[in-house]
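Novice:
In the working numbering, the protein residues as written are 57 to 227.
The following block contains the structure:
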């Protein structure tokens, strides 16, 4: 135990290979499973990953999950992190992966010379003219200081919700 009475994991001996619960090895099937198995083996520091192996049982965690998703993205494969947590076994997660295409961002219609901003100029936001005018009114300097208008991401929306809900402090 550590000085504060908690389990001192660093003082424990490293587990041997037989200490991990394992089922029968079933090799990856198809290109996506093979790619995924190679990435898992590298990130988790294991020699072999089978179709029914879990990402989390040999030590996978949320930070490694983010690394995994970034490496998959670079290879043109995409998935949400939620998919990995809901389907931690290689075969099930591989079924959730899809070959992704680069997101095409439409050109920004607002230029430094714009005097007004119309809905057609902000293709990333589904706003009517009155809503756009209300947004522009909140910006010091008005239209001249607006570069683009787009919706909040789900995380930003959640943070704003909690900020507005809070009675004290800033969450």
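Every residue, glycine too, gets a C-beta built ideally from N, C-alpha and C.
#1: Which value, in whole angstroms, describes the spacing of the CA atoms of residue 123 and residue 206?
#2: Checking 8 Å against the spacing of the C-beta atoms, do residue 84 and residue 128 come in under that value?
#3: Measuring straight from C-alpha to C-alpha, what distance separates residue 223 and residue 215?
#4: On the three-state DSSP scale, how would you describe residue 130?
#5: So is residue 89 buried or exposed if we call it buried at 16+ other beta carbons inside 10 Å?
#6: Is the segment 107-118 touching the segment 156-175, taking contact as three or more C-beta pairs under 8 Å?
#7: Quick one: using the 10 Å Cβ neighbour count with 16 as the cut-off for buried, is residue 80 buried or exposed?
#8: From residue 189 to residue 171, what does the alpha carbon distance come to, in whole angstroms?
#9: Are there 16 or more other CB atoms within 10 angstroms of the CB of residue 109, so buried, or fewer, so exposed?
#10: What's the gap between the Cα of residue 187 and the Cα of residue 212?
#11: In angstroms with no decimal places, state the Cα-to-Cα distance between residue 179 and residue 209.
#12: By alpha-carbon positions, which one of 130, 151, 132, 195 ends up nearest to residue 139?
#13: I'd like to check one pair, residue 153 with residue 134: are the Cβ atoms closer than 8 Å?
#14: Express the C-alpha separation of residue 111 and residue 100 in angstroms, rounding to a whole number.
Specialist: Result, derived from the coordinates:
#1: 28 Å
#2: no
#3: 14 Å
#4: helix
#5: buried
#6: no
#7: exposed
#8: 12 Å
#9: buried
#10: 19 Å
#11: 15 Å
#12: 151
#13: yes
#14: 8 Å
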